[in-house]
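Peer 1:
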Amino acid sequence: MTGKKNAVRGKGLARKGSATGARQDARDDAEGVVSRALLIQTARVLGAVLEFAYPADAMLSRHFRENRDIGQRDRGFIAESVYGVVRRLRWLRRLAGQDATPRALLLAWLARGLGWPMRQFEGLASAEEIEWISALKAQDLEGGSLGERADLPDWLAERLLASHGEAGVTALAHSLNRPAPLDLRVNVMKLARDKALESLQASGVRAEACPLSAHGIRVAGKPALQKHPLFLDGSVEVQDEGSQLLGFLVQPKRGELVVDFCAGAGGKTLHLGAMMRSTGRLYAFDVSEKRLAKLKPRVARAGLSNVHPVLIAHEHDQKVKRLSGKADRVLVDAPCSGLGTLRRNPDLKWRQTPESVAEMVIKQGAIMASAARLVKPGGRLVYATCSLLDEENDAIVDAFLAAHPDFAQISASEILGKQGVDLDTGERLRLSPDRHDTDGFFAAVLERVVADA
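Take the sequence shown: its letters are residues 0 to 452, numbered as in numbering that gives the first Met the number 0.
1) Chain D beta carbons: is any one of them nearer than 8 Å to that of Cys385?
2) How big is the Cα-Cα spacing for Arg64 and Arg74?
3) For Thr352, is the classification buried or exposed, using 16 other Cβ atoms within 10 angstroms of its Cβ as the cut-off for buried?
4) State buried or exposed for Asp150, treating a residue as buried only when at least 16 other CB atoms are found within 10 Å of its CB.
5) Return the Cβ separation of Asn186 and Gly233 in integer angstroms, given the expectation that the two are a contact with Cβ distance under 8 Å.
6) Output the distance between the C-alpha atoms of Arg350 and Pro152, rounded to the nearest integer angstrom.
7) Smallest Cα separation from Ile129: which of Glu157, Arg102, Pro432?
8) Going straight from the alpha carbon of Met275 to that of Leu256, what length do you get?
9) Cβ of Val331 within 8 Å of Cβ of Ile311?
10) Under 8 Å, do Leu269 and Leu229 count as touching if we go by C-beta distance?
11) Can you look up Pro116 in the DSSP assignment and give me helix, strand or coil?
12) Mind checking which residues open and close the beta strand (DSSP E) that includes Ala208?
13) Name the residue from Ala195, Thr437, Ser133, Glu314 whose alpha carbon lies nearest to the alpha carbon of Pro210.
14) Kindly indicate which residue of Pro178, Gly146, Leu104 has the alpha-carbon position closest to the one of Ala166.
15) At which residues does the alpha helix (DSSP H) containing Ala407 begin and terminate?
16) How should Gly143 be labelled, buried or exposed, when 16 other C-beta atoms within 10 angstroms of its C-beta is the threshold for buried?
17) Is the CB-CB distance between Leu281 and Val309 below 8 Å?
18) Are three or more beta carbon pairs between the region 294-305 and the region 320-340 nearer than 8 Å?
19) Under DSSP, the alpha helix (DSSP H) around Asp433 begins and ends at which residues?
20) What does DSSP give as the partner residues of Leu281 in its beta bridges?
21) How many angstroms separate the CA atom of Arg427 from the CA atom of Ile414?
22) Using a Cβ-Cβ cutoff of less than 6 Å, which residues in the same chain neighbour Leu380 once the five nearest sequence positions on both sides are dropped?
23) For Ser277, which residues of its own chain have a beta-carbon under 6 Å away from its beta-carbon, when the five flanking residues on both sides are left out?
24) Measuring straight from C-alpha to C-alpha, what distance separates Arg290 and Ala126?
25) With a CB to CB cut of under 8 Å and the five nearest residues on each side skipped, what residues in its chain are close to Val420?
26) So Gly439 is in the beta strand (DSSP E); what residue range does that whole segment cover?
27) Would you kindly report the start and end of the unbroken alpha helix (DSSP H) that includes Thr470?
28) Answer yes or no: do Gln238 and Asp182 have a C-beta to C-beta separation smaller than 8 Å?
29) Under the DSSP definition of a beta bridge, which residues are partnered with Asp463?
30) Do you know offhand how far Lys293's Cα is from Leu109's?
31) So, at 6 Å on beta carbons, what are the nonlocal neighbours of Leu190 in its own chain, with the 5 sequence-adjacent residues on each side left out?
32) In the structure shown, what three-state DSSP assignment does Ala312 receive?
33) Taking the alpha-carbon positions, what's the Gly439 to Pro180 distance?
34) Rounded to the nearest angstrom, what separates Val218 and Gly265 at their Cα positions?
35) Indicate the three-state DSSP secondary structure (helix, strand or coil) for Asp232 in the structure shown.
36) Is Val33 near Leu123, with beta carbons less than 8 Å apart?
So, in structure tokens, the structure goes:
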């Protein structure tokens, strides 16, 4: 059961952190490198992804596994081109035509999205295509619906309009249509953040401290982190800064019994375990044996001995019931639409539907109610999603509180403030890429009321 301020942070990251810088980097990388065969291959992969039958990252991974002779630069070109088209699909279809082929969409992206000069298409495109590209470069799009201007499906633009307003949707969509930065979380059991920063910088990695999470580091560029000594020994893990703040909301203490109810591959589990200094008991529940299998080597690398992965069939599994009323802290990172992660997973906006969201809402309510039974009096329940939609966030929490008078809400802003996180989020945590340069996250913190004696 997985869920899933600073726009430019310091001069050292400014170029990589901006959309203009990213486009320039892509142009520089492609200059003199892209071949006709690579363009054909990229269009073929793009066509498969645009069927939206499977996640884009899974399709790309499969292609690279089946074609292991593809070099690193070519892999980068394929992946970045595919994601670029998927992010700006409505805009590109307005430019190239609603029935444009994957190759036409790719050429339109290179010409208008990356701003390739005409000379760069020589030897790659036919004379007819070059003429078409030249006309495309001169085309000026005006008007269009909010969804078209925001590169969002109409249903999603309309739902966000109710909570954000038109200007807010535009700003949010602009930030969602940019590639996400790379954030690391320092394993505080093994290393202090300043020491991790020094080690990264000494090895040539451009990095700086995240402003919100005291455990976070933001990295520029695309270093080979999986081969870095700090990654190999479990001193750092890849985790978005916004996701790290959920650990601070749970605020686990040494020796407590804590449950990560929808653990997935365990990124948040590892954070909680490190905050507990590997003491107490930390249960990682999930319905996917495959996801939990991925967690085990990560736990070992992190040096944690208090994590207990538990495979459950559903939220009412007997293994869940055994912990009823015993947990000090329970995190419900609920399965959700994932629409707050569109910078990383842009295909989700085309793969999700109002119907799939409605199914998620039913599941979220049931999971939260089941997880709440584990919380002991005085214990804490944190409900979180990486969704931007009110029906997956506030509506779930409001309905739960109405049905469970034995729970009371406590201020997320106050909890974070006491831990040195300077973020005026209000009663409930709301993070978005346009305001915080994190993935979109929602969280509410509830406490089980201690009955009067």
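Beta carbons: idealized from backbone N, C-alpha and C, even for Gly.
Peer 2: In short:
1) No chain D appears in the structure shown, which is made up of a single protein chain.
2) As a position in the sequence shown, residue 64 is number 65, starting the count at 1. As a position in the sequence shown, residue 74 is number 75, starting the count at 1. The alpha-carbon atoms of Arg64 and Arg74 are separated by roughly 11 Å.
3) Here the question's residue 352 lines up with position 353 in the sequence shown. Label assigned to Thr352: exposed.
4) Start at 1 with the first residue of the sequence shown, and residue 150 comes out as number 151. By the neighbour-count criterion, in which 16 or more other beta carbons inside 10 Å mark a residue as buried, Asp150 falls on the buried side.
5) Residue numbering aside, residue 186 sits at position 187 when the sequence shown is read from its first letter. Residue numbering aside, residue 233 sits at position 234 when the sequence shown is read from its first letter. Confirmed, about 6 Å.
6) To locate residue 350, count along the sequence shown from 1; it is residue 351. To locate residue 152, count along the sequence shown from 1; it is residue 153. Between the alpha carbons of Arg350 and Pro152 lies a distance of about 10 Å.
7) The residue given as residue 129 occupies position 130 in the sequence shown. Measuring C-alpha to C-alpha distances from Ile129 to each of Glu157, Arg102, Pro432 identifies Arg102 as the nearest.
8) Numbered from 1 along the sequence shown, position 276 holds the residue referred to as residue 275. Numbered from 1 along the sequence shown, position 257 holds the residue referred to as residue 256. Approximately 10 Å between the Cα atoms of the pair.
9) What you label residue 331 is simply residue 332 of the sequence shown in a count that begins at 1. What you label residue 311 is simply residue 312 of the sequence shown in a count that begins at 1. With respect to Ile311, Val331 sits apart: the two C-beta atoms are not nearer than 8 Å.
10) Within the sequence shown, the letter at position 270 stands for residue 269. Within the sequence shown, the letter at position 230 stands for residue 229. No; because the gap between Cβ atoms is not below 8 Å, this pair is not in contact.
11) Along the sequence shown, one-based indexing puts residue 116 at 117. The answer is coil: DSSP assigns Pro116 none of H, G, I, E or B.
12) By one-based count along the sequence shown, residue 208 stands at place 209. Counting along the chain, the beta strand (DSSP E) containing Ala208 begins and ends at 206-208.
13) Residue numbering aside, residue 210 sits at position 211 when the sequence shown is read from its first letter. With respect to the C-alpha of Pro210, the residue from Ala195, Thr437, Ser133, Glu314 having the closest C-alpha is Thr437.
14) Position 167 of the sequence shown holds residue 166. The shortest C-alpha separation from Ala166 is found at Gly146.
15) Along the sequence shown, one-based indexing puts residue 407 at 408. No alpha helix (DSSP H) holds Ala407; the beta strand (DSSP E) holding it covers 406-409.
16) Taking the first residue of the sequence shown as position 1, residue 143 is located at position 144. Exposed.
17) Locating residue 281 in the sequence shown gives position 282, where the first residue counts as 1. Locating residue 309 in the sequence shown gives position 310, where the first residue counts as 1. In this structure, Val309 does not lie closer than 8 Å to Leu281 by Cβ.
18) Touching, no, given that fewer than three Cβ pairs across the two stretches are closer than 8 Å.
19) Locating residue 433 in the sequence shown gives position 434, where the first residue counts as 1. It spans 432-435 - the alpha helix (DSSP H) in which Asp433 sits, taken as one unbroken run.
20) Position 282 of the sequence shown, counting from 1, holds the residue named residue 281. Its beta-bridge partners are Val257, Val306.
21) As a first step, residue 427 must be located in the sequence shown, where it is residue number 428. As a first step, residue 414 must be located in the sequence shown, where it is residue number 415. Arg427 and Ile414: Cα-Cα distance of roughly 11 Å.
22) The residue you call residue 380 lines up with position 381 of the sequence shown. Contacts found: Val329, Ala371, Val374, Leu445.
23) Indexing the sequence shown from 1 puts residue 277 at position 278. The residues are Leu303, Ser304, Asn305.
24) In the sequence shown, the residue the question calls residue 290 occupies position 291. In the sequence shown, the residue the question calls residue 126 occupies position 127. Each residue's alpha carbon lies about 49 Å from the other.
25) As a first step, residue 420 is located in the sequence shown; it is residue number 421 there, counting from the start. So the list reads Leu211, Ser212, Ala213, Leu244, Phe247, once near-sequence residues are dropped.
26) Here residue 439 refers to the residue found at position 440 of the sequence shown. Counting along the chain, Gly439 falls outside any beta strand (DSSP E), and DSSP gives it neither H nor E.
27) No statement about residue 470 is possible, as the shown extent of the chain runs from 0 to 452 and does not include it.
28) Stepping through the sequence shown from its first residue, residue 238 is reached at position 239. Stepping through the sequence shown from its first residue, residue 182 is reached at position 183. Yes, the Cβ-Cβ distance between Gln238 and Asp182 is below 8 Å.
29) Examination of residue 463 is not possible in this model, given that the chain is present from 0 through 452 alone.
30) Here the question's residue 293 lines up with position 294 in the sequence shown. Here the question's residue 109 lines up with position 110 in the sequence shown. In this structure, the CA atom of Lys293 is about 37 Å from the CA atom of Leu109.
31) Counting from 1 along the sequence shown, the entry for residue 190 is found at position 191. Scanning its chain for C-beta atoms nearer than 6 Å, with the 5 sequence neighbours on each side dropped, one finds around Leu190 the residues Ser234, in chain order.
32) Taking the first residue of the sequence shown as position 1, residue 312 is located at position 313. In the structure shown, Ala312 sits in coil (DSSP, three-state: anything other than H, G, I, E or B).
33) Mapped onto the sequence shown, residue 439 falls at position 440. Mapped onto the sequence shown, residue 180 falls at position 181. Straight across, the Cα-Cα distance linking Gly439 with Pro180 is about 13 Å.
34) Here residue 218 corresponds to residue number 219 of the sequence shown, with the count starting at 1. Here residue 265 corresponds to residue number 266 of the sequence shown, with the count starting at 1. A direct Cα-to-Cα measurement between Val218 and Gly265 gives close to 21 Å.
35) Along the sequence shown, one-based indexing puts residue 232 at 233. Coil.
36) The residue you call residue 33 lines up with position 34 of the sequence shown. The residue you call residue 123 lines up with position 124 of the sequence shown. In this structure, Leu123 lies closer than 8 Å to Val33 by Cβ.
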